[in-house]
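*Asks:* Chains as they are written, first to last, in this note's numbering: chain A, 1 to 161; chain B, 1001 to 1767.
C-beta atoms are modelled at their ideal positions from N, C-alpha and C, and glycine is treated no differently.
Just so it is clear, the structure is predicted and the values come from calculations on it, not from any experiment.
Here it is, the structure, as structure tokens.
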Amino acid sequence: MTAARTIQFTLNGAPVTADVKPHHNLVEMLQGQFNLTGARETCGQGLCGCCTVVVDGRAVSGCLTLATFVEGTEVRTVEGLDTPERLDPVQEAFIETAAFQCGYCTPGFIMMVGQLLDEYPDPDEDRIKHYLAGNLCRCATYPQVLEAVRLAARKRKEAAA
Amino acid sequence: MATITEQPPAKVGAQVGRSMHRLEAREKVTGRAEYTHVMRVPGMLHTKLFRSTVAHGKIKSVDTSEAKKVPGVLHVVTIDDIRKVIPDPYYGPAFHDQPILADGKVRFVGEPVAAVIALDPHVAEQAVQLIEAEYEEMPAVFDEMEAQTSDVYVHDELRPAGTFADLKHLSGRKNTNTALDYLLRAGDADKAMAQAAHVFEHEFKTQKVLHLSFEPFASIADYKDTAVTIHTASQSPSFVRTEIARLLGWPENKVRVKVPYLGSGYGSKLYIKLEALALALSMIARQPVKVALTMEEMFYQITKHPCTFRIKSGVDKDGKIIARKCEVYWNGGAYADIGPRVTQKSGFTAAGPYEIENVAIDSFANYTNVTPAGALRGFGIPQLVWAYESHTDMIARELKIDPVAFRRKNILRNGRPHATGTIIKDAEIEKVLDAVTERMNWSAPFDNGSGPIKRGRGLGIAMKAVISPTTSVAMINMAADGSCILYCGTVDMGQGSDTTMAQMVGDVLNIPAEKVQVVQRDTDVTPYDMGTLGSRSLFHMGNAVKLAAEDVKAKIEQLRRDLGEPEGSNLPVAALFVKKYGMQAGNIIGTGTYKPDYVPPAPGTGLTPNATPFWMVSGAGAEVEVDTETGHVKVVKLVNVVDCGTPINPRIVETQISGGALMQLGFTMFEKMHIDGGQVTNASLADYKIPGFHDVPEMENFAVEAFQSNGPFGAKGVGEVSTFCVSPAIANAIDDAVGVRITELPLNPETVFRALRAKAGQPLEDE
């Protein structure tokens, strides 16, 4: 097995360093070195969305992103969304619409919905489905997620007003 | 800034019936909820498995020498190493038929043959590639019908576990693949069939599909010479403890099983899965060892049962079904797991939610050389309903009777006997049928369309008996400030059990459910529970929890009297503790144990006056559009109706109904494990598609008004019911649209197109 090298990047707003090997993916690094387990590897093929994290403002599959690739970037994970005082509006919306059951895929959905609303603050149903087509939920809580996205959009608007 | 919630503030009283948010909601949306697959314990080692490439064969040799040389590899383990720490390394809930690693023989492609333990999972994986095994291949049997008559035997001798009385007679049986033969005989089906005006006979099949919980299987064992702790993604911590204690020859109190939240289960994580292997590896390594599977490996762990169902009905001149014969063959795979329970527990409702005087049911659990099959959201019922509700529709069409009217004529009503002889109670079958037809607007004229797109509609109804007899125990500890901790072994895998149990505690003790802390499953702490399965928990554990809360309440009242409080005193609980102990001190502990009444079926007939403590009931209606040029079926509308008694948390009930129905939509329309010569050829999410956002039809989900008289607050389980009727409702709708009948799942475009071409007299060639 090859040697590790040290990389630097920004994780949820804080500068960090990590020792990674060439074959480590982003999920392994987040779990193994930062104890962040919100991004989870399920399919390992970038198809289920459970490992979604945001790198330089773009949602990516953490299982298909090599850890070394995030050198010098800004990485945001689900753990960076809330403060002790308040949740992110998307997180609130997921709670209020009961848009999850087992919760395993939920962080991935929340990160992707965040990106959707950043780009389209008022998305229609087709847009929502298009953005979330790469996030799968085996509990099939899709109808409730649709409600959650709409509620989150309203909450963001209210927060901005 | 956004406000936190639209939920009404936590309030006292009337906790049952509130759509309160889940207790663990914040942990789940912040990514901080704990799951075994992403858990680490100090000093933990990793494992990767070397798996069989042949379906059936004798193991001639396993060469692990190269793997052992890889730096970072600590142990490479085969069954010979395991036998040194666990002399009889066989496990299973119904049969002790499954070796911890393959023992002399492999029985399916993907069966674990050797395990590599290493500091790093990538090192373990690299080492696995260097293991070589030689097999003497043997003829294999894959199909459940073939297994019935084949002289290829998956096991040399049957080895029932002794847990279930109706399996004991199979002990030591040889030259068979049948792990359980179940029968029911009510009246005289042959005689009645001979007298019937019309006789209909059909055969239906279901395919091999799997749960695909997004948290793959994972167990961590931390073995010490005096005690063992197992962290595991399991639906049945109490059973794991019992089975691990048996393997070790230890008392149960030295085995601690801890289960955090589950990234879903659907029946896959029941009984015992990776726990025995993790235990053995930790004993060998003398360090904590984690076994965590990948998505691909889930295809080699457990699946749903494929089944072949031959159903024959005799109908009199008035459209009354007077006789029904059912032969059900279950494809159990290489190890029995809980298959024999599926065979029996689903077997006895195989004739459906109809009052039929003469019924004969035979149900066979057969071993085959494929991945083992177990429970999947319905314990076999969706497979049966697929057949009997398709069959019912075909009869109605043939007799030119409206399918709703035909069902209504034969429907089983409260107060009437089921085929087992049990009198039906609290089963709102007709109400469910009414609700489906209303929501489908069934009495209005329906336009089948005229162009290449044809429209159709169909429905189905079903019932299931809950598994019985089973036990649940709960405990509540009230602290001196009046706050409560609930100890119950029900595993919250997404069905919201922590929340609904807390609602029941709150309702009895008149405190907001948010104030009830629910302890994460830990067998050192949480009392016995048979398992989180078969929609049993809300009813069984709910009853136990309610009894425990009532026990606390009675003890508070006793304390009030002991302290000389006047009748009707409303001194707060916290003040009572201070008055009693002179400070904020002490506890009140309440307990509850629930085991319902049950009469086992009589040998030879399967008859019993009390088959089950409650019946689950559901119905579904579907509207479809069939593209006659491509065979593509679009489900336009799906109506799902259940009788779940009192909904404790209506919003959670709704998500369970819609989630179950959508899962079954995948099993109905496209999901299928492709198996070629025993080899699964689509073992990945790239090749095995599951429902996504674009597959969701317009849906209506509804629970009829109902009350389960022996249920806690009138409630009963709702985890599985909405899966039952989806498949036949859609097949019936396809028939309504284009006049073709599909008798094998899934209803994918190719199947429908082939049927359309066959109907047009231009059949396509076989593949």
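1) What residues in the stretch 129 to 147 of chain A have a beta carbon less than 7 angstroms from any beta carbon of chain B?
2) Scan the stretch 22 to 51 of chain A and note each continuous alpha helix (DSSP H) run of 4 residues or more that stays entirely inside, going in chain order.
3) Taking the beta strand (DSSP E) that N1587/B falls in, what are its first and last residues?
4) Can you tell me which residues form a DSSP beta bridge with I1675/B?
5) Going along the chain, which residues of its own chain have a beta-carbon closer than 7 angstroms to the beta-carbon of N1748/B, five neighbours each way excluded?
6) DSSP beta-bridge partners for M1478/B?
7) From P1139/B to N25/A, what does the alpha carbon distance come to, in whole angstroms?
8) Pull the bridge partners of M1616/B from the DSSP assignment, please.
9) By the criterion of Cβ-Cβ separation under 7 angstroms, what are the contact partners of P1691/B in chain A?
10) Does T1005/B get closer than 9 angstroms to chain A when you measure Cβ to Cβ?
11) Look up Q8/A in the DSSP assignment and give the residues it is bridged to.
12) Secondary structure at P1139/B, three-state DSSP: helix, strand or coil?
13) Considering only residues of the same chain and omitting the five flanking positions on each side of S1236/B, which have a CB-CB separation below 6 angstroms?
14) CB-CB under 6 angstroms to P1417/B, same chain, minus the five flanking residues each way: which ones, in chain order?
15) Roughly how many whole angstroms lie between the Cα atoms of K155/A and P89/A?
16) Could you name the residues of chain A that H1305/B contacts, counting a contact when the two beta carbons are closer than 8 angstroms?
17) At a CB distance below 9 angstroms, what residues from the stretch 1206 to 1239 of chain B approach chain A? Give them in sequence order.
18) For the 8 angstroms Cβ check, are there 3 or more pairs between the stretch 1366 to 1378 of chain B and the stretch 1098 to 1111 of chain B?
19) Any idea what DSSP makes of H1075/B, helix, strand or coil?
20) Runs of 4 residues minimum, wholly inside the stretch 1254 to 1284 of chain B: which ones carry the alpha helix (DSSP H) assignment?
21) I'd like to confirm the pairing. Which residues does DSSP put opposite W1330/B in its beta bridges?
22) Just to confirm, are I1321/B and V1315/B a CB contact at a threshold of 9 angstroms?
23) Can you tell me whether DSSP reads K1553/B as helix, strand or coil?
24) Let me confirm a value: H23/A is counted as buried when at least 16 other C-beta atoms fall within 10 Å, else exposed. Which label applies?
25) Provide the residue(s) that pair with Y1223/B in DSSP beta bridges, ordered along the chain.
26) Please identify the residue among G1449/B, G1378/B, T1591/B, E1398/B whose C-alpha is closest to the C-alpha of N1477/B.
27) In angstroms, rounded to a whole number, what distance separates the CA positions of I110/A and V70/A?
28) What residues in the stretch 1550 to 1578 of chain B bring their beta carbon closer than 7 angstroms to a beta carbon of chain A?
29) On the three-pair Cβ rule with 8 angstroms, is the stretch 1012 to 1026 of chain B touching the stretch 81 to 96 of chain A?
30) Using the beta-carbon of each residue, which ones in chain A are nearer than 7 angstroms to T1655/B?
31) Could you round the C-beta distance between L1101/B and A1114/B to whole angstroms and report it? I think they count as a contact, below 8 angstroms.
32) With H, G and I counted as helix, E and B as strand and the rest as coil, what does DSSP make of T1003/B?
33) Using a threshold of 9 angstroms, state whether the C-beta atoms of L1559/B and L1576/B are closer than that.
34) Could you check where the beta strand (DSSP E) with N1701/B kicks off and where it finishes?
35) Taking 6 angstroms as the limit between beta carbons, can you name the residues of its chain near L1158/B, skipping five residues before and five after?
36) Would G1666/B be called buried (16 or more neighbouring beta carbons within 10 Å of its own) or exposed?
*Replies:* Based on what the coordinates show:
1) For the stretch 129 to 147 of chain A, the beta-carbon criterion of a distance under 7 angstroms to any beta-carbon of chain B is satisfied by K129, L132, A133, L136, R138, C139, A140, T141, Y142, P143, Q144.
2) Entirely contained in the stretch 22 to 51 of chain A, the alpha helix (DSSP H) runs reaching 4 residues are, in chain order, 26 to 34.
3) Following the DSSP letters along the chain, one finds N1587/B inside the beta strand (DSSP E) bounded by residues 1587 to 1594.
4) Partner residues in the beta bridge of I1675/B, as assigned by DSSP, are V1680/B.
5) Closer than 7 angstroms at the Cβ level, and outside the excluded window around N1748/B, lie M1669, F1670.
6) Answer is C1484/B, I1588/B.
7) P1139/B and N25/A have their C-alpha atoms spaced approximately 42 angstroms apart.
8) K1464/B, per the DSSP bridge assignment.
9) The answer, in chain order, is A140.
10) In this prediction, T1005/B scores a pLDDT of 40, lower than 50, which makes its location untrustworthy; no coordinate-derived value is stated.
11) The partner list for Q8/A (beta bridge, DSSP) reads T17/A.
12) In the structure shown, P1139/B sits in coil (DSSP, three-state: anything other than H, G, I, E or B).
13) Only L1270, Y1271, G1531 meet the Cβ criterion.
14) So the qualifying residues of the chain are I1423.
15) Taking the Cα positions, K155/A is about 6 angstroms away from P89/A.
16) The contact set of H1305/B on chain A, defined by CB atoms closer than 8 angstroms, is empty, because the minimum CB distance reaches about 19 angstroms.
17) Only H1211, L1212, S1213, F1214, E1215, P1216 from the stretch 1206 to 1239 of chain B bring a Cβ to less than 9 angstroms from some Cβ of chain A.
18) Output reads yes: the stretch 1098 to 1111 of chain B touches the stretch 1366 to 1378 of chain B.
19) Three-state result, H1075/B: strand.
20) At a cut-off of 4 residues, not a single continuous stretch assigned as alpha helix (DSSP H) sits fully inside the stretch 1254 to 1284 of chain B.
21) When beta bridges are read from the DSSP output, W1330/B appears opposite C1307/B, A1365/B.
22) Yes, they are a contact pair.
23) In the three-state scheme derived from DSSP, where H, G and I count as helix and E and B as strand, K1553/B is classed as helix.
24) H23/A is exposed by the Cβ-count criterion.
25) Looking at the DSSP assignment, Y1223/B forms a beta bridge with V1228/B.
26) Measuring from the Cα of N1477/B, the nearest candidate turns out to be T1591/B.
27) Rounded to the nearest angstrom, the two C-alpha atoms are 21 angstroms apart.
28) Nothing from the stretch 1550 to 1578 of chain B brings a Cβ to less than 7 angstroms from some Cβ of chain A.
29) At 8 angstroms Cβ cutoff, the stretches touch.
30) Ordered by position in chain A, the residues that pass the 7 angstroms Cβ test against T1655/B are A98, Q101, T141, Q144.
31) Indeed they touch by this definition, with Cβ atoms about 6 angstroms apart.
32) For T1003/B, the predicted structure reports a pLDDT of 36, less than 50, and the residue's modelled location is therefore unreliable. A value from the coordinates is still provided. T1003/B falls in the coil class under three-state DSSP.
33) Less than 9 angstroms separates the beta-carbon of L1559/B from that of L1576/B.
34) Unbroken beta strand (DSSP E) run through N1701/B: 1698 to 1703.
35) If we look at L1158/B and ignore the five residues flanking it on each side, its Cβ neighbours are L1170, R1173.
36) Burial of G1666/B is indicated by the presence of at least 16 other C-beta atoms within 10 angstroms of its C-beta.
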